[in-house]
Each structure stands twice: as structure tokens, then as C-alpha cells.
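Protein chains in written order, with my numbering: chain A, 27 to 230; chain B, 27 to 230.
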């Protein structure tokens, strides 16, 4: 595999997904840190050479750049045990990864960022007006995950896949900022412990 | 392949992605229609048997159910010419599909739904407050696409992939409701014509 460089912000769960995937697979990856809070992903240099979308993470593979955390995880894990061999299960893994980006991250991750890093007093009026809806939608996403995990150890199949890694990243820090209480979700809590017990696991 | 049934709403671009994928591959699929506007995806029957997330589309494969439009497209196209053989390109295709669900659909598709189907007068105060931000973010997504297409015919590689299908669905109807004007994006307009000229293409 060509040289891997992760352009990241260490406080971002989206970046952590890629680092956890690499760690579970024993892949080496150089990391370069940028601060989202200080606008370091919106500089002309970053927009021109790393990602025109102004977002991290971006996985650099040789001289090519791959934005979007879930796509980067897929690149690293392609052909490995973290992606199911079965055709339906492979698509079902992606189903949970798209669910994470659409239903989970914009609520669970955004509230953590707003409340634990930006600070409630620094939010705009528009952001403040969105907090109650994001709490409801985030709890709905966690409830759906908890129901799914009530009868199974992993989101898809019989072992850990990228679906678990993608959903683990922001779920295991969901309580930061105070918007969510994981004690309401016992099946999630048991699953978080299973992920953290995987050989090669690294902390955020 | 097992029998395919698409649980869908015909006004939804997310459902159309799956129908266009099936059409380009020559796959037969039964369709069952539900009205999102009339709450038909929130009935106990739908939540218990089709999708606990209360959303369409859902692709039924035999007796298994696969939510999330992009995952359903991946299932149908797995092993076909619509997914690149090259490892980086395959991940890069997913990169655009995640971009579509995170940066494009919540802005471009949501404004179309609110303005062309719900009606501006029927929006809640919170929804009305979100319209200006969604216009800016939707235009940013379209600009990024237009820049990318300025020097290439397709989003990834040298022929149509699921990335083009996913982005085509809501882009080609982006003007419905009046929030977006595609005449500002000439490279997008040329690409829309290329997609519509593909053998097997079906209209929404």
C-alpha cells in the first residue's frame, strides 16, 4: 500500500474512525493535525491542496486525497475482515454507515461539538433553536441502535465491521456536553465494551 | 438474485437512485408506493416490518430489508461496471455518495421538498429560519460539483458509477421549488445530459 497520511483534528470522531480502523488492521499512518475551531481547514492552502470542501478528515494515499471518513475507512479495510464477504451483509454494513452520517452524526456529534467545545453561550440564535430537535433526533438514533443490539453483538454479522467502528466513534463520547445519557441504552453500553476489547483497539 | 421489491415514494429522489441503478443494470424490481406526506412510512406496520427508522426507500431482497438508498444501490451494483474495480476509485465513489448524503441532500433535496411539495406557507417557523442557510450550503455543494466536473466527464474514473447516479437524483430536479438555478453551473448541466443519454436510463 502507498504511504498513508491522515489530515485530521484530534477532537473529531470522524477522524478517530479512520485511526481505529487502521489500528485494528495494524496499518501505519502518519497524522497531521489541524484545528477546526481555529479555521485551519478553511485556509486557501487547505482548500486548494487537501479538500475543496474544507473539511477533515482527509486520507492521503500517495499523492491522492480521499475526503469523507467512511470512504477512507472503506479504502483501508477493503478486502479485510472488517468488511463482510456476503453481498447483502456488505451492503447492510454501508446501510449503518450512511445511517450514522445522516441520522446520528448531525445530531449526536454536532451537539457534543456545540456543547462541549464551542460552548452553549457562544452558539448563534439559530444554533440554539436547533438544540431541542437535535436532542430528540439523537435519542431516536440511539434508541434504534439499542433496539438493534438487544439481540446481537455486532451491527452486521458475527464480528466487528466498519459499521461498528463508524457508530462507535461518536456514540462512546455522546455524553460529553451533557445532551445524551447512555445509561438509558444498556445494549449500546455492552456493545461499547465489546468494541473497546477488540485486539489493537486505540483510544480517541 | 432473490426477488427484489422497492418500498418507495415516487416523489423521492432517494428512491429514484435505486430505480435508475436497476434500470442501467437491466434488473427487474417490483415497486410498492407509500406517501411520506401522508405519513404512510410511520405506521406501526411499516415501522415493525419494513424499517424501524420510518424512512423510505427500503430495498427488500427476498425476506431481508435494506434501508438507505446508497446502500441499496451498492447491493444492486456490487460486481458490476457501476462500481470501479480500482481500490482507490471504489472508495472515491463512496466519498461522493457520502458527500451527497451529508452536504447535498439535506440542503438541495430538503429545500425542494419544503418549497415544491410542503409549500413555503406551511413550513414551521424553525424550518423557515433554516431556508437561507440551506440555500447557501446547497449552492456550495453544487459549486463544488461544478468545479470537479469542469475537467472531467464523470465523478470517478472514465465512465458512469454510483457516484453519478447518487448525485444526479436530486441535482436534476434542484430547480423545483425555486431555491436553485442550474444555469450558474454549466459543467453540471453538461453532465446531467451525459447521464440522461446512458443506455437504459429512466426518468424519475
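Every residue gets a Cβ at the ideal spot worked out from N, C-alpha and C, and that includes glycine.
Treat the numbers as computed from the prediction; the structure is a model and nothing was measured.
Cβ-Cβ separation between residue 123 of chain A and residue 48 of chain A: approximately 17 Å, too far for a contact (criterion under 8 Å). By the C-beta density criterion, residue 129 of chain A is buried, having at least 16 other C-beta atoms within 10 angstroms. Using a Cβ-Cβ distance cut-off of 8 Å, the region 128-143 of chain B and the region 189-203 of chain B are in contact, since at least three pairs of beta carbons, one from each stretch, lie closer than that value.
Given a length threshold of 3 residues, the region 105-191 of chain A has no whole run of the beta strand (DSSP E) inside it.
Interface annotation for the region 182-205 of chain A against chain B: empty, criterion Cβ-Cβ distance under 7 Å. Against chain B, the beta carbon of residue 38 of chain A has no neighbour under 8 Å; the closest one sits roughly 14 Å away. Under the DSSP definition of a beta bridge, residue 59 of chain A partners with A:34. Under a 10 Å Cβ-count criterion, residue 65 of chain A is classified as exposed, with fewer than 16 other Cβ atoms of the shown protein chains found around its own Cβ. By DSSP's assignment, residue 90 of chain A forms a beta bridge with A:87. Of all residues in the region 109-142 of chain B, those with a C-beta nearer than 9 Å to a C-beta of chain A are 113, 114, 116, 117, 118, 119, 120, 121, 122, 123, 124, 125, 127, 128, 129, 131 and 132, reading in chain order. Here DSSP, grouped into helix, strand and coil, assigns residue 206 of chain A to coil. Note on residue 43 of chain A: 16 or more other CB atoms within 10 angstroms of its CB, so buried under the neighbour-count rule. At the C-beta level, residue 195 of chain A and residue 52 of chain A stay beyond 8 Å of one another. Within the region 54-87 of chain A, 78, 79 and 87 place their CB atoms closer than 7 Å to a CB of chain B, listed in sequence order. Put simply, the CB of residue 94 of chain A is near chain B, with a gap under 8 Å to one of its CB atoms.
Distance from the CA atom of residue 74 of chain A to the CA atom of residue 89 of chain A, rounded to whole angstroms, is 14 Å.
Here the C-alpha atom of residue 176 of chain B lies approximately 5 Å from the C-alpha atom of residue 213 of chain B. If you draw a straight line from the Cα of residue 106 of chain A to the Cα of residue 178 of chain A, it comes to about 22 Å. Between residue 206 of chain A and residue 168 of chain A, the C-beta spacing is below 8 Å. Distance check between residue 93 of chain A and each of A:100, A:84 and A:99 places A:84 closest, using alpha-carbon atoms only. Residue contact with chain B for residue 227 of chain A: absent (no Cβ-Cβ distance below 8 Å to any residue of chain B). Identification of chain B residues near residue 100 of chain A by a Cβ-Cβ cut-off of 8 Å yields 116, 117 and 120, ordered along the chain. Sequence-distant Cβ neighbours of residue 58 of chain B in its own chain, meaning closer than 8 Å and more than five residues away, are 31, 32, 33 and 34. The DSSP-derived three-state label of residue 223 of chain B is coil. Pairing residue 71 of chain A with residue 154 of chain B, the inter-Cα distance amounts to about 35 Å.
In the structure shown, residue 40 of chain B falls within a helical segment according to DSSP collapsed to helix, strand and coil.
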